[in-house]
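Student: Here the protein sequences come in this chain order: F and W.
Residue numbers for the first sequence follow the numbering used here, beginning at 1 and rising by one.
Residue numbers for the second sequence follow the numbering used here, beginning at 1 and rising by one.
Attaching a single structure in structure tokens format; questions to follow.
Protein chains: 2
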Amino acid sequence: MTDGQHDKVTIQDVALRAGVSAMTVSRVLNNSVRVAPETRKRVEQAIEELGYLPNALASGLLKGRTSTIGLIVSDISNPFFTMVVRGVEDTAQRNSYTVFIGNSDESVEKERQYVTALLGKRIDGLLIAPASDASRETLEMVRRRGCPFVLVDRDVAGITADSVIGDNVGGAYTLTRHLLELGHTRIALVNGQPSVRTARDRRRGYEKALLEYGLEPDPALIVETGYHRAGGQQAAHHLLSLPAAVRPTAIFACNNFLAVGVVEALRAAQLSIPEDMALVSFDDIELASALHPFLTVMAQPVRSFGTIAAQLLFERLTGEGPSQPRQVILTPELIVRHSCGARLRQQPA
Amino acid sequence: MTDGQHDKVTIQDVALRAGVSAMTVSRVLNNSVRVAPETRKRVEQAIEELGYLPNALASGLLKGRTSTIGLIVSDISNPFFTMVVRGVEDTAQRNSYTVFIGNSDESVEKERQYVTALLGKRIDGLLIAPASDASRETLEMVRRRGCPFVLVDRDVAGITADSVIGDNVGGAYTLTRHLLELGHTRIALVNGQPSVRTARDRRRGYEKALLEYGLEPDPALIVETGYHRAGGQQAAHHLLSLPAAVRPTAIFACNNFLAVGVVEALRAAQLSIPEDMALVSFDDIELASALHPFLTVMAQPVRSFGTIAAQLLFERLTGEGPSQPRQVILTPELIVRHSCGARLRQQPA
DNA sequence: TTGAAAGCGCTAACAT
DNA sequence: ATGTTAGCGCTTTCAA
């Protein structure tokens, strides 16, 4: 009957009430060694009666472990990261860990501040989708402090660590090939900043596919902006303003936000997809694809990014698994929801 | 030059290196009282050189404050809560707090476990979207422990506390009226579980609008399931199976997931919106509405739910603001993206 | 302006 | 099987 009107009940209070020492109470709490069943019962009752809740700060201070991990993503409102968070949280909960969440907004500085705060709070480990290659310094600090971490979705030049990333080169290659096979030859790439690993890789896959088809990547058709709607809108707007001779017949949006921005710009220009402009996207768009299921996309196993990353971290924490870093590469899946070139007017050269 | 190869640098180490006492270092860290500029500089240098990072566990234990808050939602992958989380996180970061995140999955038991874990970690306050009215016991425990909390999106029968909720009755009323004014008379309600406050309120608004129009709510047109896609699909499927005489001409989905499920079921049945079936939804669907902008919805100021709730909590923590509980009611906005009855074949009686 | 002592709540390591 | 001691890393007194 947890009636505990008390504010701060300590282990001593419980010990007193149960007529034992604090150590015995501690042993009951931690299920350690053998405690006489009789004693255990008395202690448990005292705990119940006083409404005692162990202070995790105190035990964390002593044990050097907090059963807490940190998770830093660039933007939790990006459906991709939303699902990563969900996956991490599930896995953490199953392992009795709690999760600190933080948004870096692609800012290395904000990210550094977050990491510092979390290290100060003595997290046992960190899951992070690094803001950019400039996150390297921050990660080196994390390593120096002896805090295990796993990179999610993006890795960082110069950092060797456990990581869970998508096959961005392969995915972009497949997506581009899809357009090429449909006869498109002027395919624009609307991408994020090249300082981000995923952006570089997706561009590489795109260029590889073009070259295989004997096409030289055209700088005029490559727009590097940021992973957000406004970037997609502006990029599409720019591409539409190109002279007819160079204007693309297809657009490859390198992420879901960019794709949405492109759709908006196309609609504003009264152009329809895919009749007037073909569009494919890296990353699916969760709910949206159910409502508007006409976009061809490269869908990543989003939740798995979170669950697997968390799993790697926990194995690190418990000392299981190999000591050298492990890199998990998750393969995305091409979802063809419409044929991007069915009504393509221009035929391949 | 933070070269700190050390693992655990304590305040003592810094004190030693700077030739002062630990107290002086502590004072420098906390900017408290006056420290000789000369001394301060020496201390700061020692901190830098050793790569010292204060242990928040120790200071939290002593001060009884951790600069940490908890946030529990039913499902972070629901775009509504995603934005709430984002709003909370932004506000927290601005106030130098970190946020523990947890998903209850509408389970009171999971919620209770989470709350207990967080209280053990001595959060300074809690933001929570309660799983249901049965969360009451858990919240009473939180209160007994003296941990301030703010209810987000849902309140709980029998609990008086700071809260930030939407005008669910009013929103549902307006949305229903919209359909009525377009001539619909057989309007189905696809709702969540009545144990959840928002579901009850949305139903009330719906019924109120019907009654004002002289229509008696028809139990056959009210389906209570859960706030998820599968529920929406099943509900729509059921409604479509009704005899033509009773079958609705419009569906009111009480949340975004339900709306998506309904759309899917309608599409499977080869029915188009709004020609064959009108559809309105409580809650907008972020990215989706950009791609498929043809759904009439009641959009809530989602981010504000988070920022305002966090604000209320922080004012509570700093002792600002009135001591009696404050209830903030946020007004949703009707977004008419298409006319749900423009092509309605049946005219009102 | 600075320091010394005491202790926040818990548990590891050693008794008994 | 249980208890005693000491101390995790910091800050709140109180004193100098």
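Beta carbons are placed, not taken as given, at the ideal position from N, Cα and C, and that holds for glycine.
Please read these numbers as outputs of a predicted model, since none were measured by experiment.
On the criterion of 16 or more Cβ atoms from any shown chain inside 10 Å, does F:A349 qualify as buried, or is it exposed?
Tutor: Counted from its first residue, the first sequence places residue 349 of chain F at position 349. Here the model assigns F:A349 a pLDDT of 35, short of 50, so the residue's position is not dependable, and the following value carries that caveat. So F:A349 ends up on the exposed side.
Student: Just confirm the distance between the C-beta atoms of F:P248 and F:L221, as a whole number of angstroms; I'd bet it's less than 8 Å.
Tutor: Position 248 of the first sequence, counted from the first residue, corresponds to residue 248 of chain F. Position 221 of the first sequence, counted from the first residue, corresponds to residue 221 of chain F. Their Cβ separation, rounded to whole angstroms, is 6 Å, which keeps F:P248 and F:L221 in contact under 8 Å.
Student: Could you give the distance in angstroms between the alpha-carbon of F:H238 and the alpha-carbon of W:R177?
Tutor: Here residue 238 of chain F refers to the residue found at position 238 of the first sequence. Here residue 177 of chain W refers to the residue found at position 177 of the second sequence. Rounded to the nearest angstrom, the two C-alpha atoms are 43 Å apart.
Student: What residues from the stretch 22-49 of chain F come within 9 Å of chain W, judged by C-beta to C-beta, listed N to C?
Tutor: So nothing in the stretch comes that close.
Student: Tell me where the beta strand (DSSP E) around F:N353 begins and ends.
Tutor: As shown, chain F starts at 1 and ends at 349. That puts residue 353 of chain F outside it, with no answer to give.
Student: Which runs of the beta strand (DSSP E) at least 3 residues long sit entirely within the stretch 138-217 of chain F? Give them in chain order.
Tutor: Counting whole runs of 3 or more residues, the stretch 138-217 of chain F contains the beta strand (DSSP E) stretches 149-152, 162-166, 187-191.
Student: Could you give the distance in angstroms between the alpha-carbon of W:L29 and the alpha-carbon of F:E49?
Tutor: For the purposes of this step, residue 29 of chain W is identified with residue 29 of the second sequence, where counting begins at 1. For the purposes of this step, residue 49 of chain F is identified with residue 49 of the first sequence, where counting begins at 1. Between W:L29 and F:E49, the C-alpha separation is close to 40 Å.
Student: What does F:R122 touch in chain W if you count any residue whose Cβ is under 8 Å from its own?
Tutor: Reading the first sequence from its first residue, position 122 is the one you call residue 122 of chain F. Ordered by position in chain W, the residues that pass the 8 Å Cβ test against F:R122 are N55, A56, L57.
Student: In the DSSP assignment, what are the bridge partners of W:F282?
Tutor: Your numbering for residue 282 of chain W matches position 282 in the second sequence. W:M298.
Student: Using a cut-off of 7 Å between C-beta atoms, extract the partners of W:F100 located in chain F.
Tutor: Numbered from its first residue, the second sequence carries residue 100 of chain W at position 100. Residues of chain F passing the Cβ test: T98, V99, F100.
Student: Within 10 Å of its beta-carbon, does F:P194 have 16 or more other beta-carbons around it, so buried, or fewer, so exposed?
Tutor: Along the first sequence, one-based indexing puts residue 194 of chain F at 194. Counting Cβ neighbours within 10 Å, F:P194 comes out exposed, since fewer than 16 surround it.
Student: May I ask you to list the residues that DSSP assigns as paired with F:A224?
Tutor: As a position in the first sequence, residue 224 of chain F is number 224, starting the count at 1. One point to set straight first is that residue 224 of chain F is Glu, not Ala, in the sequence displayed. Looking at the DSSP assignment, F:E224 forms a beta bridge with F:N191.
Student: Does the CB of F:I165 have a neighbour CB from chain W at under 8 Å?
Tutor: Reading the first sequence from its first residue, position 165 is the one you call residue 165 of chain F. So, not an interface residue.
Student: Distance check for F:L266 and F:E275, CA to CA, integer angstroms please.
Tutor: The residue labelled residue 275 of chain F in the question sits at position 275 within the first sequence. The residue labelled residue 266 of chain F in the question sits at position 266 within the first sequence. Each residue's Cα considered, the two are about 11 Å apart.
Student: What does a CB cutoff of less than 7 Å around W:Y173 pick up in its chain, not counting 5 residues either side in sequence?
Tutor: If you number the second sequence from 1, residue 173 of chain W lands on position 173. Excluding residues within five positions, the ones whose Cβ falls inside 7 Å are G205, K208, A209.
Student: If we count the other Cβ atoms within 10 Å of its Cβ and call it buried at 16 or more, is W:L180 buried or exposed?
Tutor: What you label residue 180 of chain W is simply residue 180 of the second sequence in a count that begins at 1. W:L180 should be labelled buried.
Student: Counting only C-beta atoms, is W:E89 closer than 8 Å to chain F at any point?
Tutor: Position 89 of the second sequence holds residue 89 of chain W. Answer yes: the Cβ-Cβ gap between W:E89 and chain F drops below 8 Å somewhere.
Student: Bridge partners of W:V14, per DSSP?
Tutor: To locate residue 14 of chain W, count along the second sequence from 1; it is residue 14. According to DSSP, W:V14 bridges with nothing at all.
Student: Would you please state the rounded distance, in angstroms, between the beta carbons of F:A259 and F:G232? I believe it to be under 8 Å.
Tutor: Residue mapping note: residue 259 of chain F aligns to position 259 of the first sequence, counting from 1. Residue mapping note: residue 232 of chain F aligns to position 232 of the first sequence, counting from 1. 7 Å between Cβ atoms; contact.
Student: For W:A250, which residues does DSSP report across the bridge?
Tutor: Your numbering for residue 250 of chain W matches position 250 in the second sequence. For W:A250, which the question treats as bridged, DSSP gives the partners W:I187, W:A278.
Student: Comparing alpha-carbon positions, which option in F:D284, F:V9, F:V43 lies nearest F:V20?
Tutor: Looking up residue 20 of chain F in the first sequence gives position 20. With distances taken between Cα atoms, F:V20 lies closest to F:V43.
Student: Which residue wins for smallest C-alpha separation from W:P54, given the options F:R337, F:N78, F:R122?
Tutor: Position 54 of the second sequence holds residue 54 of chain W. Considering only alpha carbons, the answer is F:R122.
Student: With DSSP collapsed to three states, give me the class of W:E111.
Tutor: Residue 111 of chain W sits at position 111 when you count from the first residue of the second sequence. Reduced to three states, the DSSP call for W:E111 is helix.
Student: Is it right to say F:V336 is buried, meaning 16 or more other beta carbons lie within 10 angstroms of its own, or is it exposed?
Tutor: Taking the first sequence and counting its residues from 1, one reaches residue 336 of chain F at position 336. F:V336 is exposed by the Cβ-count criterion.
Student: By the 10 Å Cβ neighbour count, where 16 or more other Cβ atoms means buried, how is F:D3 classified, buried or exposed?
Tutor: For the purposes of this step, residue 3 of chain F is taken as residue 3 along the first sequence, with counting starting at 1. Caution applies to F:D3, whose pLDDT of 38 falls short of 50 and renders its modelled position unreliable; the value that the coordinates give is listed next. Under this definition F:D3 is an exposed residue.
Student: Quick one: Cα of W:H338 to Cα of W:L215, how far?
Tutor: The sequence position of residue 338 of chain W within the second sequence is 338, counting from 1. The sequence position of residue 215 of chain W within the second sequence is 215, counting from 1. Their Cα atoms are separated by approximately 25 Å.
Student: Give a yes or no on whether 8 Å exceeds the smallest Cβ distance from W:I285 to chain F.
Tutor: Looking up residue 285 of chain W in the second sequence gives position 285. Yes, W:I285 counts as interfacial toward chain F.
Student: According to the Cβ coordinates, are W:A131 and W:S107 closer than 8 Å?
Tutor: The count along the second sequence starts at 1 and reaches residue 131 of chain W at position 131. The count along the second sequence starts at 1 and reaches residue 107 of chain W at position 107. Against a cut-off of 8 Å, the Cβ pair of W:S107 and W:A131 comes out as a contact.
Student: Report the rounded CA-to-CA distance for F:G120 versus W:L57, giving the unit in angstroms.
Tutor: Residue 120 of chain F sits at position 120 when you count from the first residue of the first sequence. Residue 57 of chain W sits at position 57 when you count from the first residue of the second sequence. Whole-angstrom Cα-Cα distance: 8 Å.
Student: Under a three-way DSSP split, which group does F:Q327 fall into?
Tutor: Position 327 of the first sequence, counting from 1, holds the residue named residue 327 of chain F. In this structure, F:Q327 counts as strand in the three-state DSSP scheme.
Student: Please confirm if W:T116 has its CB atom under 8 Å from at least one CB of chain F.
Tutor: Position 116 of the second sequence, counted from the start, is the residue given in the question as residue 116 of chain W. It does: the Cβ of W:T116 has a partner Cβ on chain F nearer than 8 Å.
Student: Bridge partners for W:V73 per DSSP, in chain order?
Tutor: Reading the second sequence from its first residue, position 73 is the one you call residue 73 of chain W. Note: W:V73 sits in a beta bridge opposite W:N103.
Student: How do the stretch 272-287 of chain W and the stretch 283-292 of chain F stand: do at least 3 beta-carbon pairs fall below 8 Å, yes or no?
Tutor: Segments in contact, yes.
Student: For F:S195, go through chain W and note every residue whose CB falls closer than 9 Å to its CB, in chain order.
Tutor: Looking up residue 195 of chain F in the first sequence gives position 195. Chain W residues near F:S195: none, gap ~23 Å exceeds 9 Å.
Student: Give the straight-line distance between the Cα atoms of W:G171 and W:V156, rounded to the nearest whole angstrom.
Tutor: For the purposes of this step, residue 171 of chain W is identified with residue 171 of the second sequence, where counting begins at 1. For the purposes of this step, residue 156 of chain W is identified with residue 156 of the second sequence, where counting begins at 1. Whole-angstrom Cα-Cα distance: 19 Å.
Student: For chain F, check one thing: does any of its Cβ atoms lie closer than 8 Å to the Cβ of W:M1?
Tutor: The residue labelled residue 1 of chain W in the question sits at position 1 within the second sequence. Per-residue confidence for W:M1 stands at a pLDDT of 35, beneath the threshold of 50, marking its modelled position as unreliable; no derived number is given.
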